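The sequence shown begins at -4 in the numbering used here and counts up one residue at a time. Glycine is no exception: its CB is placed at the ideal position from the N, C-alpha and C atoms. Values in this document were obtained by computation on a predicted structure and should not be read as measured data.
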Amino acid sequence: AVMEVESSVEMLSAAEPLLPRGVPVAPRRTRLIVSFVVIAAVACGCAIVALYVFPEPTERGKPGSFFRSLQEQKERAALPEDMRTAINPTVDPCEDFYTYACGTWDSAAKIPDDKASWLRSWDVPAKRIEDEMQKAVEEDNGIIGTYYASCMDTKTINALGNQPLQPWLKMVDNVKDMNSLSSLLAQLGNYNNGAFFGWSVTVDSRHPEKRAFYMG
């Protein structure tokens, strides 16, 4: 065995060098250190790629959660603001999706005093539309704004009392027979105040391409 080792050493010594003559060669210790650093860097790179490509699907705080968290933040940033503020990012959506999607909203939302319930999918958009419509009529200088202002002028309404109703009450008092009753109903109909009947124009139930007059 000793002779074989000595023979191998002699063969290596006699072999042609890999580097041209005159090129300095680093000491063996330095080459080992450099090789170790390169191998460690490659191993770390492979580990990072593996964590990115094969993240843990459900468990947070384990390999892959860092990259998944970055992806979730990017996806949340693309959502509308009202949806982002409703999300509870501390909850894993794979374990409790409802709490993840609505947890923050549930903890902060309150039912208004004048409501029996408060649905985010319906009442919140309805309230926003109502506020926008109110702002529009308040700023309107035409007939719509005039009507709205007259309805909101509670000071004048309270001062007038039932005076605006007196002509109508007088017409009711004058009903003595069928002719006077018909006259009253016609007057009420002119102001869209149906007493015994009402009417409307809407889509024909038998011919949807047409509109029909309905009375009931």
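With residue i as the anchor, note down where its alpha helix (DSSP H) starts and where it stops.
i, result
"residue 96", "92 to 103"
"residue 212", "Since the first residue shown for the chain is -4 and the last is 211, residue 212 is missing from the structure and cannot be characterised."
"residue 162", "161 to 168"
"residue 109", "Run containing residue 109: none; DSSP gives neither H nor E here."
"residue 77", "76 to 79"
Under 8 Å Cβ to Cβ from residue i, same chain only, skipping five residues before and after it: list those, please.
i, result
"residue 110", "118"
"residue 207", "196, 197, 198, 199, 200"
"residue 193", "210, 211"
"residue 191", "180"
"residue 134", "140"
"residue 71", "79, 82, 84"
"residue 107", "113"
Kindly indicate the opening and closing residues of the beta strand (DSSP E) around residue i.
i, result
"residue 186", "Neither: residue 186 is in no beta strand (DSSP E) and is coded neither H nor E."
"residue 145", "Premise fails: residue 145 lies in the alpha helix (DSSP H), 138 to 147, not in any beta strand (DSSP E)."
"residue 198", "194 to 198"
"residue 206", "206 to 210"
Between residue i and the rest of its own chain, which residues show a CB-CB distance below 7 Å, the 5 nearest in sequence each way excluded?
i, result
"residue 98", "83, 86"
"residue 175", "169"
"residue 18", "Per-residue confidence for residue 18 stands at a pLDDT of 46, beneath the threshold of 50, marking its modelled position as unreliable; no derived number is given."
"residue 155", "none"
"residue 136", "none"
Rank the options by C-alpha distance to the C-alpha of residue i and give the top, closest one.
i, options, result
"residue 183", "166, 96, 138", "166"
"residue 93", "103, 81, 104", "81"
"residue 128", "108, 143, 107", "143"
Is the beta carbon of residue i within less than 7 Å of some heavy atom of the ligand SAM?
i, result
"residue 167", "In terms of ligand content, the structure shown is empty, and the ligand SAM therefore cannot be addressed."
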